[in-house]
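Novice: Residue numbers for the sequence shown follow our numbering, so the first one is 1 and each next one is one higher. Note that CB positions come from ideal geometry on N, CA and C, so glycine has one too.
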Amino acid sequence: LPDSVLNIIPYKDSATYTFQHSNGHLLTFKSVRENELQYNTAECGNITENSYYINTTRLSCEYPSINIDMFLYQLRNGNVEFDFFINQSQFYVTGEGVELNLPKTDSVLIGNRYYKNVYSIQNKAFSDGDSFADSIYYNTTEGILKIFVRNGESYIIHN
């Protein structure tokens, strides 16, 4: 994948990132990032014509157990697809080229800092219970800025 696509996800491999829960507790997430060649043999059985690279990033927190999985890939037409999974929640984003097809806010105050070019991404999948995320704020410079949980709790980036 070219850097222009990889830069949509700013997280580095083997790094740690901190989020603050709405109750004040700090949570540390460890990252793993890797590229993998995927094959789609549904069309004509020609593996080389239907292969693509997918970039996978996982942020994981041991306690409480929270996994954030991000999958980024570029289609043959040059457009990107970007999927998030936060525990049971799914967020799906498409892009024209490397520009994400989402509403973008010029700036948002999160914690005590303003962040620019913030995307608001809504949960696209059904999930039982009330402990899953229903939306997130995201930008391509810092990554996930805020996770809104359905039960009123939230997690914000902690710098």
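Measuring CB atoms only, is the stretch 7-20 touching the stretch 144-156, in the sense that at least three cross pairs come out at less than 8 Å?
Specialist: At 8 Å Cβ cutoff, the stretches touch.
Novice: What is the residue span of the beta strand (DSSP E) that SER4 lies within?
Specialist: Against the sequence shown, residue 4 aligns to sequence position 4. That residue, SER4, is in no beta strand (DSSP E); its alpha helix (DSSP H) goes 3-6.
Novice: Decide if ALA15 is buried, meaning its Cβ has at least 16 other Cβ atoms within 10 Å, or exposed.
Specialist: The residue you call residue 15 lines up with position 15 of the sequence shown. The residue is exposed, with fewer than 16 neighbouring Cβ atoms inside 10 Å.
Novice: Are the CB atoms of TYR92 and LYS124 within a distance shorter than 8 Å?
Specialist: Looking up residue 124 in the sequence shown gives position 124. Looking up residue 92 in the sequence shown gives position 92. Yes.
Novice: Around the C-beta of TYR63, are 16 or more other C-beta atoms found within 10 angstroms, so that it is buried, or is it exposed?
Specialist: Along the sequence shown, one-based indexing puts residue 63 at 63. So TYR63 ends up on the exposed side.
Novice: Span of the beta strand (DSSP E) holding PHE132?
Specialist: Along the sequence shown, one-based indexing puts residue 132 at 132. Note, PHE132: premise wrong, no beta strand (DSSP E); not H, not E.
Novice: Run through the stretch 42-94 for me and flag every whole beta strand (DSSP E) of 3 or more residues, listed as ranges in chain order.
Specialist: Within the stretch 42-94, the complete beta strand (DSSP E) runs of at least 3 residues are 51-61, 66-74, 80-86.
Novice: Quick check on ASN139: buried or exposed, where buried means 16 or more other Cβ atoms within 10 Å of its Cβ?
Specialist: Numbered from 1 along the sequence shown, position 139 holds the residue referred to as residue 139. Under this definition ASN139 is a buried residue.
Novice: Between the beta-carbon of PHE71 and the beta-carbon of THR94, is there less than 8 Å?
Specialist: The residue labelled residue 71 in the question sits at position 71 within the sequence shown. The residue labelled residue 94 in the question sits at position 94 within the sequence shown. No, they are not a contact pair.
Novice: Would you say LEU102 and SER120 are within 8 Å of each other, going by their C-beta atoms?
Specialist: Translated into positions along the sequence shown, residue 102 becomes position 102. Translated into positions along the sequence shown, residue 120 becomes position 120. Yes; because the gap between Cβ atoms is below 8 Å, this pair is in contact.
Novice: So, helix, strand or coil for ARG113, using DSSP?
Specialist: Within the sequence shown, residue 113 is the residue found at index 113, counting from 1. Correct three-state label for ARG113: strand.
Novice: Could you check what DSSP says for ASN139 in three-state terms: helix, strand or coil?
Specialist: Stepping through the sequence shown from its first residue, residue 139 is reached at position 139. Three-state result, ASN139: strand.
Novice: With 16 other CB atoms within 10 Å as the buried threshold, where does GLY24 fall?
Specialist: In the sequence shown, the residue the question calls residue 24 occupies position 24. GLY24 is exposed by the Cβ-count criterion.
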